[in-house]
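Enquirer:
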Amino acid sequence: MEKRLIPALFFLLIISSSKLCSQNNQSYKFDKITASDFVIQSPLIDSNTNAVIIADIGNTDFEGNDKGWFTYVFKRKTRIKIINKRAIDIASIEIPLYQDEDDREKLSDLSAATYNLINGQVVANKLDKKSVFNERKDKNHSLAKFALPAVSEGSIIEYSYTIKSNFIFNIPSWEFQHPQYPSLWNEYNITIPNLLVYMSLRQGQNNFYIDKTEEGYRTYSVKVKHGEGIMQTEQSLSVSTQVNKHRWVMKDIPGIKIEDYITTPLNYIAKIDFQLYQTNDGEQTHDVFTTWQKAVGEIMKRSDFGKVLEENDDLFGQLAKQIVNVNDDQLKQVKDIYYYIQKNFTCTNYHQFFFKSTLKGLIEKKSGNVGEINLLLTGLLRQLDVYAAPVILSVREAGRAYSKYPQMDQYNYVICKIKLGNEDYYLDASQPLLGFAKLPLNCYNGFAKVISKDSADVYFNANQLKEVRTVLVFISNSSENGYRGSVTKNYGYYESLQTRRIIAQSSEKDYKSNIEKNSIQENIKIENIKIDSLNEPELPLVVKYDLNINTAGNEDIIYFNPLLDEKIMKNPFAAAEREYPVEMPYTTDDTYILNMEVPKGYMIDELPKSARVMLNEKDGMFEYLISANENTIQMKCSLQFNKANFNSDNYQSLREFYGHVVKKEAEQIVFKKIKK
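Heads up: the sequence shown runs through residues 9 to 684, numbered per the working numbering.
#1: Can you check whether the CB of I523 is closer than 8 Å to the CB of Y553?
#2: Report the rounded CA-to-CA distance for K343 versus I65, giving the unit in angstroms.
#3: Can you find a heavy atom of the ligand NAD that lies under 7 Å from the Cβ of N56?
#4: If I measure Cβ to Cβ from S411 and keep anything under 8 Å in the same chain, skipping five residues before and after, which residues do I get?
#5: Give every residue of the same chain whose Cβ lies closer than 7 Å to the Cβ of K147, excluding the five residues on either side of it in the sequence, and list them in chain order.
#6: Whose CA, out of V678, R586, P570, lies closest to the CA of F654?
#7: Please look up how many angstroms separate the CB atoms of F188 and G263, rounded, as I've assumed it's under 8 Å.
#8: Considering only the alpha carbon of each residue, which of E267, C645, H668 lies closest to V481?
#9: Assuming E182 contacts Y196 under a Cβ cut-off of 8 Å, what Cβ separation, rounded to an integer in Å, is found between them?
#10: Leaving out five residues on either side along the sequence, give the residues of the same chain with a beta carbon under 8 Å from the beta carbon of F177.
#11: For S50, I'd like the list of residues in its chain whose CB is within less than 8 Å of its CB, leaving aside the five on either flank, ordered along the chain.
#12: My output table needs one value for I345: the three-state DSSP class, helix, strand or coil.
#13: When DSSP builds the beta bridges, which residues end up paired with G72?
#14: What are the boundary residues of the alpha helix (DSSP H) that V670 is part of?
#15: Confirm, please, whether the CB-CB distance from P570 to M643 is below 8 Å.
#16: Starting from R620, follow the beta strand (DSSP E) in both directions and report where the run begins and ends.
#17: Do the stretch 155-172 and the stretch 239-253 meet, that is, are 3 or more Cβ pairs less than 8 Å apart?
#18: Would you decide whether N56 is buried or exposed? Buried here means 16 or more other CB atoms lie within 10 Å of its CB.
#19: Contact check, G224 vs N320 under 8 Å by CB: the rounded distance?
#20: Considering T386, what are the terminal residues of the alpha helix (DSSP H) in which it resides?
#21: Quick check on the burial criterion: 16 or more other C-beta atoms within 10 angstroms. Buried or exposed for K547?
#22: Determine the contact status of L449 and F581, defining contact as a CB-CB distance below 8 Å.
#23: What residues in its chain sit with their C-beta under 6 Å from that of K681, if we drop five residues either side in the sequence?
#24: If you drop the 5 nearest sequence neighbours on each side, which residues of the same chain put their C-beta closer than 6 Å to that of T227?
#25: Please work out which residues of its chain come closer than 8 Å, Cβ to Cβ, to V399, disregarding the five sequence neighbours upstream and downstream, and give them in chain order.
#26: Quick one: what does DSSP say L327 is sitting in, helix, strand or coil?
#27: Pull up the CB-CB distance for S438 and Y419, whole angstroms please, since I reckon it's below 8 Å.
#28: Taking C-alpha atoms, which residue in K153, A406, Q529, K368 lies nearest to T272?
#29: Within a Cβ cutoff of 7 Å, which residues of the same chain sit near N469, ignoring the five residues on either side of it in sequence?
#30: In chain order, what residues of the same chain lie with their CB nearer than 7 Å to the CB of N650, ignoring the 5 residues before and after it?
#31: Nearest to D39 by alpha carbon, out of A63, Q31, N32, V257?
#32: Taking Cβ positions, are Y632 and K672 nearer each other than 8 Å?
#33: What would DSSP say about D432, mapped onto helix, strand or coil?
#34: Determine the contact status of Y36 and I101, defining contact as a CB-CB distance below 8 Å.
#35: Check whether the stretch 103-110 touches the stretch 85-94, taking contact to mean three or more Cβ pairs, one atom from each stretch, closer than 8 Å.
#36: Counting pairs of beta carbons, one from the stretch 483-492 and one from the stretch 324-332, are three or more of them closer than 8 Å?
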C-alpha cells in the first residue's frame with residue numbers, strides 16, 4: 009500500500025464535488041444511553057465479534073497562548089459496546105502525553121463511565137478520578153492510565169478527555185479503524201490556521217464516508233512577553249487569519265482481519281498523521297520541517313542517549329578492561345564483550361531506548377531496557393577502537409517506521425552497528441541466547457537509522473534472511489519384524505534459537521521427552537536422542553535420534569508416507585480470498601532426503617510420481633523426486649521460498665502452490681506382500 013504525503017492546505021483541491029450535502033451534514037450525537045442502545049444491529053457484527061466501536065470522534069483546534077504563538081486543543085469522545093469477556097481489556101485506557109524540560113501537555117476534562125443493563129434499567133458507574141495514575145515511560149513520554157469500573161459482558165463504556173499542548177510540531181494522529189473491532193462511526197475534525205502548514209501521511213485502503221474541507225476566517229488572541237524579571241511586560245495581540253476546516257468520517261469499517269503471516273495490523277489500519285512543515289508570521293514563511301540530520305543531532309545531544317556515550321569514558325574503560333584480554337585479536341575481544349553483556353545483564357523492557365537510570369546504576373543493577381543495554385554495548389566496543397554506533401528502529405509488532413522524515417514516537421528499539429575491516433555487523437546483546445551478529449526476527453521491519461555523524465540509513469527486511477533446514481532419514485530392515493532407522497535434523501538458525509530458549513526455560517531432558525511423546529505413529533518408537541551445538545549460539549542445532557518401527561509382519565498391504573512427520577498437513581492459506589499481504593518471517597530452503605530399504609518380504613506396489621512445481625516462475629519451488637529399484641527407495645523433497653513477502657495479488661498463486669505441496673506430500677508408498 010502506498011502512503012501519501014499531502015500538504016494540509018492542498019486538501020482544498022481534492023474535495024469530491026459529487027458528495028451530497030445531506031451526507032456531509034450527517035453526524036453522530038452522544039445522546040443519553042438508553043436500554044435500546046444495548047441492542048446493536050450491524051452486518052459487521054457476528055459470532056466472532058468481541059466488541060464494537062459505536063462512535064469515536066476526535067477534534068483538534070488551535071488557540072492563541074501566552075507564549076506568542078499557538079496551542080492545539082485535542083478533544084476525544086468514545087463509546088464502545090463490549091460484547092463478551094474476550095474484549096474486557098478494551099476498557100483499560102492509556103492516554104499518551106508529552107513533555108520536555110520547559111513544558112508539558114495538560115490533560116483535562118477527563119470523564120468516563122460504564123453502563124450496564126440490569127433488569128431493564130441502565131445503571132451507570134462513573135470513574136473515580138483517584139483511580140487515574142501516571143506512568144512515566146522516559147523523560148519525554150508518559151501515560152495517563154485508568155480502567156473503567158464494573159465492566160462485564162454487555163457493558164457500554166464511554167470516555168472523553170481534552171489535551172492542551174504547545175508542542176504543535178506533531179499534532180495528534182487519528183486512527184479511523186480499530187485493529188480488532190468494527191467501528192460504526194469514526195470521525196476526525198481539525199481546524200488549521202493558515203499560519204501553520206502541516207504535511208499529512210495517509211494510510212489505509214478504506215474510503216471516507218465524508219471528506220469535507222471548508223475555508224473560514226478566525227481571530228486568535230495571542231500574548232507576547234517582553235523583557236525579563238520585574239521589567240517584563242505582556243502585550244495582547246489579535247491575529248486574524250484564514251483557516252481550513254477538515255472533516256473526515258469513516259462509517260461501518262470492519263476491524264483488521266487477523267490472518268496468519270501478517271506482521272501487525274498496525275501497518276494496514278486506516279489512519280492519518282500530521283507533521284508541521286512551514287509557519288508564516290504574516291510577513292515571512294519559515295520551513296520548520298525536521299530533517300533526519302537535525303533529529304540525529306538532537307538525539308546525540310540527549311543526556312539519556314548520545315551523551316551517555318560521550319561522558320562516561322572512564323566507566324566504559326574500567327568495565328572493558330575487566331572483560332577482554334588485550335592479547336586477543338579484535339574480533340575475539342568484540343565477542344567477549346557481546347557475550348558478557350548478554351549473559352550478565354537482563355533486559356526489563358524491549359520497547360524503550362532512552363536511559364531511565366544512570367550508566368553506573370545500570371552496571372550495578374545489571375538490568376535495564378533494550379536501549380540501555382545496547383548503548384552499554386556500544387560504549388564498551390568503542391573502547392576497543394572499533395567503530396560502534398547505536399541504530400534505532402521499530403520492531404514488527406509496533407508497525408513500520410516512515411523513512412522520509414523523523415517521527416520519533418515510531419521508534420522503540422536500539423541495536424548496535426560495528427565495523428570490523430570491510431564488514432558491517434549488527435548486534436543485539438539484550439536477547440538471551442542470540443548468536444553474535446544475529447538479530448531477532450522482529451527487527452526485520454524495514455527502515456532503521458544509524459545515530460552517528462554520518463546518519464546512515466539501514467534497511468532490514470525478511471528477504472535478507474534465509475532459513476536453511478535439512479532432514480536426513482535412513483531406514484533399513486531389522487533382524488526382527490520391522491525396521492530400524494536414523495534421523496538427523498539440521499535446524500535453521502531461528503528454529504535453533506527458539507529450541508534453545510525452550511530448553512533454557514525447561515530442560516534438555518524435558519525437550520527430549522516431548523520428542524519421544526510426539527512420536528510419528530504408534531508403531532514408531534523414538535530412541536537415543538542427541539542434540540549437538542546446544543551451547544554454541546552461533547551454530548544451528550542438530551537433533552539426531554533412532555527409529556524403531558515395529559510391524560506385525562503379516563500385513564498384506566503396508567502404507568508408508570516417506571516424509572514421516574515432516575509432511576505439511578494442511579494449507580496455511582485455506583481462505584478463498586485475502587485482503588492483506590502475506591508476510592513470512594524469512595525466506596526458506598527446506599530439504600528432506602530419504603534412503604530406505606524395501607521391507608523384507610514385500611514389493612513396491614505403488615510409488616508416488618516425481619513432480620516439480622514453480623511459484624510465479626522464480627518466487628518459490630517445490631520438488632518431489634523419488635526413485636526405486638527392487639530393494640531400495642531414494643527420495644528428495646525440497647521446498648523453497650525465494651522471497652518472504654507476497655502482495656494480495658499473488659495470494660491465489662501462493663494458495664494454489666501450497667495446495668500442490670500438501671496434496672503431493674500426503675501421497676504414500678504402497679508395499680504389497682510377496683506371496684510364496
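C-beta atoms are modelled at their ideal positions from N, C-alpha and C, and glycine is treated no differently.
Expert: Let me spell this out:
#1: For this step, residue 553 is matched to residue 545 along the sequence shown. For this step, residue 523 is matched to residue 515 along the sequence shown. Against a cut-off of 8 Å, the Cβ pair of I523 and Y553 comes out as a contact.
#2: Position 335 of the sequence shown, counted from the first residue, corresponds to residue 343. Position 57 of the sequence shown, counted from the first residue, corresponds to residue 65. In a straight line, the C-alpha of K343 is about 53 Å away from that of I65.
#3: Of ligands this structure carries none, so the ligand NAD is not represented either.
#4: Taking the first residue of the sequence shown as position 1, residue 411 is located at position 403. Within the same chain, S411 has close Cβ partners G454, F455, D465.
#5: Within the sequence shown, residue 147 is the residue found at index 139, counting from 1. Hits under 7 Å: D312, F362.
#6: Against the sequence shown, residue 654 aligns to sequence position 646. The residue with the shortest Cα to Cα distance from F654 is R586.
#7: One-based indexing of the sequence shown puts residue 188 at position 180. One-based indexing of the sequence shown puts residue 263 at position 255. The sequence given here has Gln at residue 188, not Phe. Right, the Cβ-Cβ distance comes to about 5 Å (below 8 Å), so this counts as a contact.
#8: Residue 481 sits at position 473 when you count from the first residue of the sequence shown. Cα-wise, what sits closest to V481 is C645.
#9: Numbered from 1 along the sequence shown, position 174 holds the residue referred to as residue 182. Numbered from 1 along the sequence shown, position 188 holds the residue referred to as residue 196. The amino acid occupying residue 182 in the given sequence is Trp; Glu does not appear at that position. About 4 Å; that satisfies the 8 Å criterion.
#10: The residue labelled residue 177 in the question sits at position 169 within the sequence shown. If we look at F177 and ignore the five residues flanking it on each side, its Cβ neighbours are Q283, L284, V296, T298.
#11: Here residue 50 corresponds to residue number 42 of the sequence shown, with the count starting at 1. Cβ within range, chain order: V60, P190, L192, D260.
#12: Working through the sequence shown from its first residue, we reach residue 345 at position 337. Of the three classes helix, strand and coil, the one that applies to I345 here is helix, per DSSP.
#13: For the purposes of this step, residue 72 is identified with residue 64 of the sequence shown, where counting begins at 1. Answer by DSSP bridge pairing, in chain order: F78.
#14: Sequence index remark: in the sequence shown, residue 670 carries index 662 (1-based). V670 -> alpha helix (DSSP H) spans 659-673.
#15: Here residue 643 refers to the residue found at position 635 of the sequence shown. Here residue 570 refers to the residue found at position 562 of the sequence shown. Going by C-beta atoms, M643 is nearer than 8 Å to P570.
#16: Here residue 620 refers to the residue found at position 612 of the sequence shown. That run of the beta strand (DSSP E) goes 619-623.
#17: no
#18: Locating residue 56 in the sequence shown gives position 48, where the first residue counts as 1. Result: exposed.
#19: By 1-based counting over the sequence shown, the position of residue 224 is 216. By 1-based counting over the sequence shown, the position of residue 320 is 312. That pair is no contact at about 54 Å.
#20: By one-based count along the sequence shown, residue 386 stands at place 378. Looking at the DSSP string, the run of the alpha helix (DSSP H) that includes T386 is 378-390.
#21: In the sequence shown, counting from the first residue as 1, residue 547 sits at position 539. Reading off the sequence shown, one finds Leu at residue 547, where the question assumed Lys. Flag for L547 reads exposed.
#22: As a position in the sequence shown, residue 449 is number 441, starting the count at 1. As a position in the sequence shown, residue 581 is number 573, starting the count at 1. Not a contact, by the Cβ cut-off of 8 Å.
#23: The residue you call residue 681 lines up with position 673 of the sequence shown. The answer, listed in chain order, is D564, Y610.
#24: In the sequence shown, the residue the question calls residue 227 occupies position 219. Closer than 6 Å at Cβ, skipping near neighbours: S246, S248.
#25: Position 391 of the sequence shown, counting from 1, holds the residue named residue 399. Here the set comprises V422, I423, C424, K425, Y434, A456, K457, V458, I459, V466.
#26: Here the question's residue 327 lines up with position 319 in the sequence shown. Three-state DSSP puts L327 in a helix.
#27: Residue 438 sits at position 430 when you count from the first residue of the sequence shown. Residue 419 sits at position 411 when you count from the first residue of the sequence shown. About 15 Å separates the two Cβ atoms, so there is no contact after all.
#28: The residue you call residue 272 lines up with position 264 of the sequence shown. Of the listed residues, the one whose Cα sits closest to T272 is A406.
#29: Locating residue 469 in the sequence shown gives position 461, where the first residue counts as 1. Here the set comprises Y452, G454.
#30: Within the sequence shown, the letter at position 642 stands for residue 650. Only T595, K626, D627, G628 meet the Cβ criterion.
#31: For this step, residue 39 is matched to residue 31 along the sequence shown. Closest by alpha carbon: A63.
#32: Walking along the sequence shown from the start, residue 632 turns up at place 624. Walking along the sequence shown from the start, residue 672 turns up at place 664. For Y632 and K672, yes; Cβs fall inside 8 Å.
#33: Stepping through the sequence shown from its first residue, residue 432 is reached at position 424. DSSP places D432 in strand when its eight states are reduced to three.
#34: Stepping through the sequence shown from its first residue, residue 36 is reached at position 28. Stepping through the sequence shown from its first residue, residue 101 is reached at position 93. Not a contact, by the Cβ cut-off of 8 Å.
#35: no
#36: no
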